[in-house]
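What follows is a single structure, written as structure tokens, with notes after it.
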Amino acid sequence: MKDDITTRWLLRIYTAVIFIFIFAPILASFVFSFNSDRFPTIPLGSFTWHWYVTAFSDSDVWSAAEVSILVALSSALLATAIGFSAAYTDHRYDFFGKKAFLVLALLPPTIPLVIFALATLGWLSIFGASGKVVSIIIAHTVLCVPFAMAVIRLRLNQMDPNLEPAAWNLGATEWMAMKSVVVPFTLPSIVAALCLTAAVSFDEFAVAWFVSGLNKTVPVIILEILTGNIDPQINAIGSVVFVVSISLVVIAQVLVMGRIKKPETV
Amino acid sequence: MKKLLNVSRRDALKAGAAAVLAMPFVSRAWAQAVEINMLAWYGHGEPDMVGAFEAANNVKFKPKYYAGGDNMLALIAQSPPGTYDIILSDAEFVQQLNVAGLIEEMNAADYPFDDMIYDDFKQFPGHWKDGKLYSMMVRCGHLGVSYNTTAISEEEAKSYKCYWKPEIKGKVGHFDWHLPSLGQMSLLNGNGAKLWDVDEAGWGKIKETTMSLRPQVGGYFDYGGTFNGLKNGEMMAMAGIGDWITGVLEKDGAPVKSVVPVEGGIQWTESYSIGKGTAKADIVKKFIQYMLSPEGQAVSAQMAAYPGFAITNGGRKALNETNPKEAQRTGQMDGAPNDPVTLIKEGRIHYRDIPKQQTLEDWNDFWQEYKNA
Amino acid sequence: MSEHRSDNSAYALAWRLPMILWQGLFFIGPLIFMIAMSFFLVKNYRMEPALQVGNWTKTLSRGFFWDSYFLTLWLAGLAVIITTCVAFPASCFLAFRVSDLARRWAIFFLIIPFFTSYLVRIFAWQVILAQQGVINAGFSLFGIGPYTMLNTKFGTMIGYLTLCLPLAVILQTFSLANIDKRLVEAAHNLGCGRLRTIFTVVVPLAKTGLIVAAVFCFILSFGDFVAPYYLGGSKPPTLSIMIIDTSKSGQQWPRAAVVAIMMIVTMLVVALTAIGYAYRKRR
Amino acid sequence: MTEPLVVFENVVKRFGNFEAVKQLNLNVHEGEFLALMGPSGCGKTTTLRMLAGLEEPSEGDIRLAGKSLVGVKPHERDTPMVWQSLALFPFLNARENVEFGLKMRGMDGVERKRKAFEWLERLGIGEFSERDVNSLSGGQRQRVALARALVTEPGILLLDEPLSALDANLVIRMQAVLTKLQRELGITFVYVTHSQSEAFAMADRVVIMSKGEISQIGTPRDIYRTPANRFVAEFVGRNNIFSGRVNKRGAIDTEAGTLHVDRKLPVGDFVSFVVAADLVAISLSKPKERNVIAAHLISEEFVGSMVTLFFEATGGTEIKVQAQERALEGILRTPGQLLYLSFNASSSHVLKY
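Residue numbers (the numbering used here), protein chains in the order written: chain A, 167 to 432; chain X, 11 to 383; chain S, 20 to 302; chain P, 59 to 411.
In structure tokens form, the structure reads like this:
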């Protein structure tokens with residue numbers, strides 16, 4: 167394609183600006199977390215660890231981290247298990263109501279979190295299950311299932327449809343074939359789904375805020391600081407959370423990339 | 011975590027010290043400290059308020075914060091009974107808590123009623139029923155005109171009319187709760203002591219006055235937003251608040267101030283109640299006693315999230331001893347011209363209450379309409 | 020294709036049922052309950068099961084509900100248009116002018132925002148956009164400003180863009196990269212100008228992806244309460260803020276449910292129409 | 059007399075409204091190499107999959123060694139298969155792939171390893187036993203797949219177009235490997251293919267299928283020389299087909315002329331008959347035969363020492379002649395040249411009509 171240099175550079179600069187816009191708040195938050203001013207402006211104040219020290223000497227933050235980790239791990243495990251079963255079902259079976267099945271599996275991300283939170287709180291309180299850690303786990307699992315399913319479904323797409331029959335053919339029962347063929351084959355996507363859903367859960371605040379009761383998660387603490395005594399502790403907490411989440415993503419990404427580098431020709 | 015904290019040596023030391031200080035505290039909290047569930051306005055469960063008590067009694071407060079009495083009632087209503095061990099509510103909502111059977115009876119002899127700084131406080135409306143005590147007032151503060159001194163003069167701030175000043179169009183904020191803001195409008199309309207007790211015509215006029223302010227309004231904020239808006243100069247005046255917000259900012263060096271205008275001001279009052287069905291009534295009682303002790307009152311008056319007045323003579327004395335500057339700033343010295351007690355005595359302060367002739371819902375509905383206008 | 024695809028053995032059901040049960044119980048259940056809740060009564064801050072339409076008539080007869088409804092619709096629509104237009108040139112660049120490796124890295128970077136707290140990003144914007152914030156401080160070096168950016172619709176839009184832009188660029192890039200490049204070249208060879216090629220060849224070919232991206236932007240901004248609240252000063256409040264307000268003050272859960280149902284219906288109508296349009300003409 | 063190893067009895071297989079296999083009756087004998095052949099969609103793969111238990115017949119019975127297989131799960135049958143896609147487990151190495159079937163049968167690790175290695179050795183790829191299957195060549199992967207299927211020492215091996223992904227040279231080599239293996243092991247092979255050369259080169263018997271039905275069963279020679287019907291004749295491809303009406307003298311008036319077959323046919327009937335391409339003689343001058351067709355040479359094709367010549371006779375009939383290169387010495391072969399083709403009446407085979 168012929169391309170004059172001006173257009174090329176204009177496009178480059180434009181794209182760079184878009185990325186700057188996207189990363190401005192992330193970088194700013196990092197910078198502000200080390201800035202002594204409570205309301206940072208230019209020029210910046212001095213360097214400080216103060217906000218980290220404040221945030222992490224608050225036992226509430228620690229117990230929130232504990233709740234968050236518990237919730238993220240539990241809902242990641244549950245959502246990945248359920249997402250796996252849904253992806254496998256979609257991959258292998260055809261049955262009456264399959265379309266409805268898929269809609270049910272993929273609908274949750276289209277419902278605004280506030281609405282889902284409201285509905286979940288009302289629903290769970292019928293069973294006396296609101297305001298507990300388990301309520302957050304339940305709700306987060308619902309939100310994470312579609313993500314887990316999508317990731318695992320993509321991997322199953324790459325699986326030779328004869329692989330499972332080949333295992334049965336060699337004497338494996340369906341359960342044995344699942345254990346010794348389907349699971350090993352989809353393992354990278356299972357790990358990726360675990361990381362992804364854990365990260366999604368770890369960052370979710372709207373639903374957690376509604377249903378958490380007294381068991382706050384880290385994002386709920388952030389929300390409370392934001393609605394309450396606003397200060398750059400948010401940035402400190404956010405930065406640490408970011409580092410944690412991004413490590414999970416990088417692990418997932420490495421697994422995905424690894425798969426791209428080593429293509430399996432059937 | 012450790013890696014992050016390992017950059018410069020001095021900072022590392024500082025961080026390390028903090029971690030060392032925090033760790034036993036944290037681990038103890040995780041070990042076996044009795045957890046006390048607290049429902050309160052933002053800040054009441056923070057370390058500056060409860061840290062000393064927690065350390066001395068091996069307890070751990072687990073706070074749930076709300077903004078506004080309606081919000082508090084809603085939170086309680088949706089939790090199973092016995093969820094909250096201690097409830098800090100606005101005084102005007104105590105009655106509702108009591109009617110709904112959400113709070114325990116208290117023993118008046120346990121608390122320092124004799125030391126109250128003002129007689130009204132001993133018999134605060136709604137706190138007693140049939141001679142039984144249900145809630146213990148712990149602190150209060152005044153709401154008036156909160157403004158940025160660079161945009162509004164002291165003279166102008168003497169009336170709520172300053173909200174309509176053309177120069178601050180789009181820079182008047184509201185604390186997002188109907189009671190204080192609409193109360194101020196009622197005062198501006200000259201309802202004085204009957205500000206909560208207005209008939210249909212009076213209510214219509216309040217709505218009219220409020221609506222006329224709409225073009226000036228720059229936003230509706232929660233606690234953090236209010237704070238932020240005034241501090242960073244987004245808002246030049248804020249309706250529905252008082253020194254509880256500006257006091258924090260003033261101490262931080264911002265050019266903001268709160269005054270009680272000629273039309274009168276509103277007093278917010280916070281009281282502790284013991285949650286119905288709690289198994290921790292004894293330690294909660296001990297905590298309330300602590301908060302009413304001179305030491306606790308001084309801490310409460312200087313609460314980091316928002317300051318309030320000490321309500322016992324002992325507390326005022328303790329504040330004057332530990333932080334005379336703050337005592338002076340807030341007029342909590344006998345004989346000061348802005349002594350809150352004097353203001354009450356002069357009849358310039360009205361206790362915040364709930365609407366008498368309308369329901370809370372009516373007010374809330376109008377508030378929604380106003381916000382959406 | 021095979022017999023096993025339609026079997027109802029214990030094995031098949033063991034994989035089919037978990038999702039149906041879980042999402043049925045904890046996703047469909049709540050939504051149905053919410054519909055029921057919209058007919059409940061609130062007495063003394065407590066909900067009582069009932070079957071009365073008061074919440075519906077009361078909510079839908081208020082002028083401010085509809086003001087807020089159309090405002091939310093308008094803001095979300097605007098966010099969709101702005102996001103789509105702003106993202107498109109960048110997506111074209113990433114789809115057509117960079118190497119596969121560079122594109123993969125770009126996508127990786129675009130995924131990062133999803134794993135930073137949206138709240139933290141919004142808080143950062145608050146600080147950046149404030150009257151005495153970073154941008155205005157920058158402007159003052161040139162002797163201009165300060166401009167009011169916070170607590171305006173501009174602020175809200177910045178928030179929506181923060182939420183939608185990375186996703187929009189990702190989805191657009193994917194759909195554009197899937198276009199057969201020979202078609203684009205063919206158009207060029209036929210003397211089609213660059214801009215004309217984009218609108219007559221590229222956009223129609225990538226239509227499905229572009230619309231899906233737009234639908235996601237709509238869903239995200241329509242339901243978001245953080246941006247209009249913290250950057251827009253809830254002035255006036257959007258529907259999601261109204262949900263929080265009504266549920267927070269006065270325990271009016273049923274009325275919040277009414278607002279929520281209205282939102283879901285609106286979103287489903289918009290999304291299904293758009294998706295239907297996206298896939299129809301392809302066949 | 060004992061029953062054949064595999065018996066298909068009135069087997070019908072439907073997918074929805076589509077009948078993939080219609081009323082199939084087929085016996086497979088112990089130790090034979092049977093090829094199932096036909097164009098795609100003819101039901102050959104479905105038949106094989108039913109034998110492996112991957113599809114259940116809609117009607118009828120399938121018996122293996124006298125026992126009905128209906129309702130028997132795939133893993134309960136001993137019918138290992140070599141797949142078109144090979145379906146090797148990509149996360150296992152070559153040896154682990156071979157071990158799979160033994161592991162599923164609960165054989166202990168050491169024995170398993172030994173046996174797997176033995177089979178890899180036997181197929182000549184012992185040195186690759188620890189290699190990742192993705193890093194092996196097509197032929198090596200093919201052998202791993204074979205070893206994996208045979209390691210459990212089954213009585214029957216199913217092969218589903220196993221050579222279709224290999225290039226021509228490799229196909230010939232693998233054909234030799236397969237026939238040798240089958241002879242050595244003495245087990246039954248059921249081999250599905252759409253390739254005539256594969257089937258004819260290896261199979262003892264060939265089953266030609268079309269649209270879910272068996273068109274013909276027979277030895278490769280039977281099928282080649284005496285195709286049962288026009289479909290088989292055309293599918294086999296190395297035949298010349300002539301059609302026409304039987305005249306009063308018992309000869310057939312075709313577009314290429316009046317031709318004679320060695321069979322009495324009812325006068326006036328419209329019939330077709332085939333003449334195998336290698337049974338047609340070529341001469342420069344008109345021979346004294348009953349069946350002579352004058353035709354122009356169009357083109358020729360060499361495969362090894364065999365030549366196939368394509369002619370066009372009057373009326374546009376295309377005629378193929380196959381001969382040894384040596385046999386054609388002395389015959390001028392320039393395209394367009396007129397030559398005389400002749401065949402013996404006994405070389406013709408009248409198709410069912």
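C-beta: ideal position from N, C-alpha, C; glycine also. Nothing here was measured: the structure is a model prediction, and the numbers come from that model.
The three-state secondary structure of Gln-42(S), taken from DSSP, is helix. For Thr-393(A), a Cβ of chain X is located within less than 7 Å of the residue's own Cβ. The three-state secondary structure of Gln-382(P), taken from DSSP, is strand. DSSP places Ser-212(A) in the coil class of the three-state scheme, outside both helix and strand. Using a CB distance below 9 Å, the part of the region 276 to 289 of chain A facing chain X consists of Leu-287, Gly-288, ordered along the chain. Against chain A, a Cβ distance below 8 Å from Pro-132(P) picks out Pro-331, Trp-334, Asn-335. With fewer than 16 neighbouring CB atoms inside 10 Å of its own CB, Met-364(P) falls in the exposed class. Look at the beta carbons and you see the region 93 to 101 of chain X not touching the region 317 to 337 of chain X: under three pairs across the two are nearer than 8 Å. Within the region 150 to 162 of chain S, contact with chain A at the beta-carbon level (separation under 7 Å) is assigned to Gln-151, Gly-152, Val-153, Ala-156, Gly-157. An exposed status is given to Val-109(X), since fewer than 16 other beta-carbon atoms sit within 10 Å of its beta-carbon. In the DSSP secondary-structure assignment, Asn-297(P) is bridged to Ala-334(P). Three or more pairs of CB atoms, one per stretch, sit closer than 8 Å, so the region 363 to 380 of chain A contacts the region 239 to 246 of chain A. Secondary structure note for Glu-359(P): its beta strand (DSSP E) is the uninterrupted segment 350 to 361. Under DSSP, Cys-150(X) takes part in a beta bridge, and its partners are Thr-279(X), Phe-319(X). Using a Cβ-Cβ distance cut-off of 8 Å, the region 75 to 83 of chain X and the region 260 to 277 of chain X are not in contact, since fewer than three pairs of beta carbons, one from each stretch, lie closer than that value. Going by beta carbons, Asn-85(P) and Pro-62(P) fall inside the 7 Å limit. Assignment of Leu-215(P) by DSSP, reduced to helix, strand and coil, places it in the strand class.
The beta carbon of Gly-239(X) sits closer than 6 Å to those of Gly-183, Phe-231, Met-245, all from its chain and outside the five residues before and after it, given in chain order. Beta bridge pairing from DSSP links Thr-366(P) with Glu-359(P), Gln-380(P).
In the pairwise beta carbon analysis, the region 195 to 210 of chain S is classified as not touching the region 248 to 256 of chain S: fewer than three pairs are separated by under 8 Å.
The Cβ of Arg-65(S) sits closer than 7 Å to at least one Cβ of chain X. Counting only runs of 3 or more residues that sit fully inside the region 267 to 317 of chain P, the beta strand (DSSP E) segments are 271 to 276, 297 to 304, 310 to 312, 315 to 317, in chain order.
Between the beta-carbon of Thr-279(X) and that of Arg-362(X) there is about 7 Å, and that keeps the pair under the 8 Å contact cut.
Interface residue (Cβ-Cβ distance to chain P less than 7 Å): Thr-352(A) is not classified as such.
In this structure, DSSP gives Arg-358(X) a state outside helix and strand, which the three-state scheme calls coil.
Excluding its 5 nearest sequence neighbours in each direction, Ile-262(S) has C-beta neighbours in its own chain below 7 Å: Ala-275, Val-278, Ala-279, listed in chain order. Asp-326(A) reaches chain P at Ser-143, Ala-145, counting residues in chain order whose Cβ is nearer than 7 Å. Between the region 188 to 208 of chain X and the region 141 to 156 of chain S, the count of C-beta pairs closer than 8 Å stays below three; the two stretches do not touch.
Asn-298(P) is a Cβ neighbour of Val-333(P), given a cutoff of 7 Å. Close to Phe-205(A), with beta-carbon spacing below 7 Å, are these residues of chain X in chain order: Lys-241, Asn-242.
Within the region 211 to 264 of chain S, the alpha helix (DSSP H) runs of at least 4 residues that lie entirely inside it are, in chain order, 213 to 216, 226 to 242. The beta carbon of Leu-113(S) sits closer than 6 Å to those of Arg-122, Ala-125, Thr-192, all from its chain and outside the five residues before and after it, given in chain order. For the C-beta of Thr-93(X), the chain A residues within less than 8 Å are, from N- to C-terminus, Gly-297, Gly-379, Leu-380.
By the neighbour-count criterion, in which a residue is buried when 16 or more other Cβ atoms sit within 10 angstroms of its Cβ, Asp-327(P) is exposed. Contacts between Ile-235(A) and chain X, judged by CB atoms closer than 7 Å, are missing: the closest CB pair is about 13 Å apart. In this structure the region 186 to 193 of chain P lies against the region 136 to 155 of chain P, because at least three pairs of beta carbons, one per stretch, are closer than 8 Å.
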